[in-house]
Amino acid sequence: MAKKKAAPSEEAGKRSRASGVTLRDVARFAGVSSATVSRVMNNPDVVSEELRARIMVAIDHLGWVPHAAARALATHRTGTIGAVFPTLANEHFATAIQKLQESLEQAGYTLLLACSEYDLEREYRQVRTMLERGVDAVVLVGEAHHQDLQPLLSQRRIPFVNTFVYREGSESLCVGVDNHQAFFDFTTYLVGLGHRRFAMLSQDSDTNDRARARREGVRDALAEHGLGMSAAHMVEGFWGARVGRALFSKVMSTPQPPTVVICGNGSFAMGAMLEAMQRGYDIPRDLSLVGFDDFELMSELPIPITTVRVPSAEIGTLAAGMILAELAEKGSARSIKCEAEIIVRASSGAPPNARRKRGVADR
């Protein structure tokens, strides 16, 4: 007589339990049916808290570990969420990831993380690999992606959310600050201090839509006040404090150096400040220097840096909520705009000529 072959989920479940403990053993220990244990593992919200607690006690006591593949066969979900961030060296990305993971973990999901190093082709490959692993949804940064990425996710019906970006009218779910508006407002504040000669240290904008929006925000604010910025004062580089130092040196070597340098991210701002101090600039008497992101160290430098604060922890938490809402009911989540906040510190002030004019007037 041929031996009956077990169902795939049953076989997977047996293989996953070296101790020999089965789902049926958990049910017997808790005094419930096997179906109830299955519901607790796959749809905990439909089971009472008292019953869920009793079953979890049984699971902990017996040391049972459910097999992920078996659960995926039963629920058509793996309980994993993919996230691709440009880098973990950015303090704000790391904070957002931590909050994203905490919120997803509370809902029973595991985070699968990759770093693209600002390479859109690499980001696309990483997302494809995550889809092969069966992720239920994907968290990304920005709106600029490989041309085939969004069609791939749409074809697979995989929910995704773009973080650290908000744009009115975006066709994709997004949560973050309006980068254009943040830098428009920041520049307007600096114009109000009396500055007329501006420079900007920007991250490469070809593949970074956030950097591009920040740059355009500066230009649009200047144009509104009848001002402009020379090409020599709008410089770009990859990322990091060392790049920030080099870009700062470049703009300050021009025939008519700026009276204020706007840095498009926190690492550029800290690098520029170190270079300015080494060159003997008296900040802000000789030059105002401002940044973005509000990394913790920016407030601890000898000259604390004026910056725009981004609520990265809030972005991570909100992104998790949006993904969970989409998994519960497709189309239920809405894009969320977070507020950027200008934090004024010692590195910004009136330009030298305005200060001299005030001094004459005061006499």
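According to numbering that gives the first Met the number 0, the sequence shown is numbered sequentially starting from 0.
Just so you know, even glycine gets a beta-carbon here, dropped at the ideal spot from N, CA and C.
Asp-219 sits in a helix when the DSSP states are folded into three classes. Judged by DSSP secondary structure, Glu-274 falls within the alpha helix (DSSP H) whose first and last residues are 265-277. In the DSSP assignment, the residues bridged to Asn-161 are Leu-139 and Cys-173.
Look at Val-289 here: in three-state DSSP terms it is strand.
Per DSSP, Leu-112 is one residue of the beta strand (DSSP E) stretching across 109-114. About 15 Å separates the CB atoms of Val-190 and His-232; that is not less than 8 Å, and the two are not in contact. The Cβ-Cβ distance between Gly-236 and Phe-183 does not fall below 8 Å.
The alpha-carbon of Gln-202 is positioned some 9 Å away from that of Val-242. About 4 Å separates the CB atoms of Val-250 and Ala-198; that is less than 8 Å, so the two are in contact.
Rounded to the nearest angstrom, the Cβ distance from Pro-283 to Ser-346 is 6 Å, consistent with a contact under 8 Å. Note that the C-beta distance between Thr-206 and Ala-143 is below 8 Å. For Pro-158, the number of other beta carbons within 10 angstroms of its own is at least 16, and it is reported as buried. Of all alpha-carbon atoms in Pro-256, Leu-323 and Leu-246, the one lying nearest the alpha-carbon of Met-269 is that of Leu-246.
Rounded to the nearest whole angstrom, the C-alpha separation of Arg-209 and Ala-106 is 30 Å.
Inside the segment 178-217, DSSP marks whole beta strand (DSSP E) runs of 3 or more residues at positions 197-202, from first to last along the chain.
In terms of Cα proximity to Thr-86, the closest of Arg-51, Thr-128 and Leu-139 is Leu-139.
Distance from the CA atom of Ser-204 to the CA atom of Ser-171, rounded to whole angstroms, is 20 Å. Beta-bridge partners assigned by DSSP to Phe-84: Cys-114.
In this structure, Lys-336 places its C-beta atom within 8 Å of the C-beta atom of Asp-177. Assignment of Ile-302 by DSSP, reduced to helix, strand and coil, places it in the coil class. DSSP lists Gly-175 as the bridge partner or partners of Lys-336. No residue range can be given for Gly-168, since it is assigned to no alpha helix (DSSP H) and is classified by DSSP as neither H nor E.
DSSP places Glu-235 inside the beta strand (DSSP E), whose first and last residues are 233-236. In the DSSP annotation of this structure, the continuous segment of the beta strand (DSSP E) that includes Ile-261 starts and ends at 259-262. Between the C-alpha atoms of Gln-149 and Glu-167 there is a straight-line separation of about 19 Å. Between the alpha carbons of Gly-19 and Arg-38 lies a gap of roughly 21 Å.
Non-local beta-carbon contacts of Glu-116 in its own chain, meaning distances under 7 Å to residues more than five positions away in sequence, involve Pro-85 and Thr-86 in chain order. DSSP, reduced to helix, strand and coil, places Thr-128 within a helical segment of the structure shown. The count of Cβ pairs closer than 8 Å, one atom from the segment 274-293 and one from the segment 317-331, stays below three, leaving the stretches out of contact. About 5 Å separates the Cβ atoms of Val-307 and Ala-181, confirming a contact at the 8 Å cut-off. Secondary structure at Arg-284: coil, using DSSP grouped into helix, strand and coil. Thr-79 sits in a strand when the DSSP states are folded into three classes. In this structure, Thr-79 lies away from Ala-312, with their beta-carbon atoms at least 8 Å apart. Annotation for Val-242: the continuous alpha helix (DSSP H) segment containing it runs 240-251.
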